[in-house]
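Each number in this note's numbering corresponds to the 1-based position in the sequence shown with 7 added.
Every residue gets a Cβ at the ideal spot worked out from N, C-alpha and C, and that includes glycine.
A quick note: this is a predicted structure, and the numbers were derived from the prediction, not measured.
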Amino acid sequence: MIDLIVSQGRVADRAARMIEGAARTAQALAERYGLSAQYIGTPAPAVNDDWTQSLPQARQTLDAMARAVTTSLDGGNLPVLLNNTCSVSLATLPVVARRFPDAVVLYIDAHGDFNTPDTTGSGYLGGMVLSGACGLWDSGHGAGLKPEQAVLVGTRDVDPGERKLIDTAGVRVIPPSQTTAENVLAAIGDARVWVHIDWDVMDPGAVPADYTVADGLLPAQIRAIFDAIPRERLIGVELAEFNAPADEEQIEQALAVILDMVSPAFAAA
8 MIDLIVSQGR VADRAARMIE GAARTAQALA ERYGLSAQYI GTPAPAVNDD
58 WTQSLPQARQ TLDAMARAVT TSLDGGNLPV LLNNTCSVSL ATLPVVARRF
108 PDAVVLYIDA HGDFNTPDTT GSGYLGGMVL SGACGLWDSG HGAGLKPEQA
158 VLVGTRDVDP GERKLIDTAG VRVIPPSQTT AENVLAAIGD ARVWVHIDWD
208 VMDPGAVPAD YTVADGLLPA QIRAIFDAIP RERLIGVELA EFNAPADEEQ
258 IEQALAVILD MVSPAFAAA
């Protein structure tokens with residue numbers, strides 16, 4: 008059984024329509040597969056603030072998202088999370104690490120999200136997500152993910168200090184040009200898998216997202232990853248950072264691309 012879990016509270020949002028993007032993706036998936044969705048958090052305006060402000064503001068939403076994922080996994084279900092920002096994963100990835108200590112996290116993102124409060128230049132909470140889940144700093148929402156169990160996929164925009172942390176911690180990186188089903192399966196081995204996607208990993212134009220970077224993944228590469236992962240080894244999926252356009256036709260076009268890419272995860276569910 009699939010549980011659609013939707014983050015609707017502000018979690019360090021700096022763009023105004025991330026919350027709308029998560030809601031619209033959930034709606035499209037619910038209609039396509041006959042599912043209901045659990046909506047968590049109360050929307051709030053985007054603000055260009057620092058992690059020291061956005062993290063405490065998001066506590067209620069983050070705690071509720073962690074509880075929802077815990078309940079889903081405990082029930083033997085497949086949680087599919089629609090997150091407004093990657094920062095939500097500060098609370099969800101530690102849950103995965105506790106339940107499945109040897110699981111591999113495919114962190115499919117243009118950025119490493121491996122800065123810490125000591126290395127961040129922007130102060131953006133979303134740039135410190137994976138490092139927080141790996142315990143390099145204390146977010147207040149737990150840790151426990153082994154760095155060697157994290158695989159950055161499609162990553163190509165990494166700060167110098169962040170790169171040093173990634174290399175020292177032993178996080179594996181598969182750049183866009185090497186993102187094939189074969190390479191991803193080799194990185195997974197025999198482990199269970201949690202898939203996190205920030206849509207900025209795509210080549211700009213495929214799915215509207217903030218912080219886009221040139222030379223990204225194509226929809227066929229994402230689809231190939233989901234096609235390759237054995238369904239029984241998939242623990243859960245997080246889809247984040249769809250910056251919904253104001254134009255309805257553009258939203259529908261983007262959602263069609265998203266639904267096609269992730270459709271193998273819903274097969275035989």
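Based on the DSSP output, what are the partners of aspartate 210 in its beta bridges?
Against the sequence shown, residue 210 aligns to sequence position 203. In DSSP, aspartate 210 forms no bridge with anything.
As a quick exercise: from Glu239, Ala110, Val220, Val214, pick the residue whose alpha carbon is nearest that of alanine 227.
Against the sequence shown, residue 227 aligns to sequence position 220. Nearest C-alpha to alanine 227: Val214.
Valine 202 to leucine 159, Cα distance in whole Å?
On the sequence shown, position 195 is the one that residue 202 refers to. On the sequence shown, position 152 is the one that residue 159 refers to. Approximately 11 Å, taken between the alpha carbons.
Alpha carbon to alpha carbon, how far is proline 271 from valine 178?
By 1-based counting over the sequence shown, the position of residue 271 is 264. By 1-based counting over the sequence shown, the position of residue 178 is 171. Proline 271 and valine 178: Cα-Cα distance of roughly 26 Å.
With H, G and I counted as helix, E and B as strand and the rest as coil, what does DSSP make of glycine 243?
If you number the sequence shown from 1, residue 243 lands on position 236. Three-state DSSP puts glycine 243 in a strand.
From alanine 157 to tryptophan 58, what distance separates their C-alpha atoms?
Within the sequence shown, the letter at position 150 stands for residue 157. Within the sequence shown, the letter at position 51 stands for residue 58. Rounded to whole angstroms, alanine 157 to tryptophan 58 spans 23 Å at the Cα level.
With distances taken from CA atoms, which of Leu262, Asp222, Val191 is nearest alanine 235?
Position 228 of the sequence shown, counted from the start, is the residue given in the question as residue 235. When each option's Cα is compared against that of alanine 235, the closest is Val191.
Is it the case that the Cβ atoms of threonine 99 and leucine 85 are separated by a distance below 8 Å?
As a working note, residue 99 is residue 92 in the sequence shown. As a working note, residue 85 is residue 78 in the sequence shown. No.
Tell whether a beta-carbon distance below 8 Å holds between proline 63 and isoleucine 26.
Here the question's residue 63 lines up with position 56 in the sequence shown. Here the question's residue 26 lines up with position 19 in the sequence shown. Cβ distance not < 8 Å, so proline 63 and isoleucine 26 don't count as in contact.
Would you report the Cα separation of serine 61 and phenylalanine 107, rounded to the nearest angstrom?
Taking the first residue of the sequence shown as position 1, residue 61 is located at position 54. Taking the first residue of the sequence shown as position 1, residue 107 is located at position 100. Cα-Cα distance, rounded: 29 Å.
At a cut-off of 7 Å, would you count alanine 176 as near the ligand COA, judging by its Cβ distance to the nearest heavy atom?
Ligands are entirely absent from the displayed structure, and the ligand COA is therefore not among its contents.
What are the complete beta strand (DSSP E) segments, minimum 3 residues, inside the stretch 147-190?
Counting whole runs of 3 or more residues, the stretch 147-190 contains the beta strand (DSSP E) stretches 157-160, 179-181.
Output the distance between the C-alpha atoms of valine 103 and threonine 127, rounded to the nearest integer angstrom.
Walking along the sequence shown from the start, residue 103 turns up at place 96. Walking along the sequence shown from the start, residue 127 turns up at place 120. When rounded, the distance between both Cα atoms is 25 Å.
Can you tell me which of the three DSSP states glutamine 34 falls into?
Here residue 34 is taken as the residue at index 27 of the sequence shown, counted from 1. Looking at glutamine 34 - three-state DSSP - the assignment turns out to be helix.
Starting from alanine 44, trace the beta strand (DSSP E) in both directions and tell me its first and last residue.
Against the sequence shown, residue 44 aligns to sequence position 37. Run containing alanine 44: 44-47, per the beta strand (DSSP E) assignment.
Between which two residues does the alpha helix (DSSP H) holding tryptophan 58 run?
What you label residue 58 is simply residue 51 of the sequence shown in a count that begins at 1. Its alpha helix (DSSP H) spans residues 58-64.
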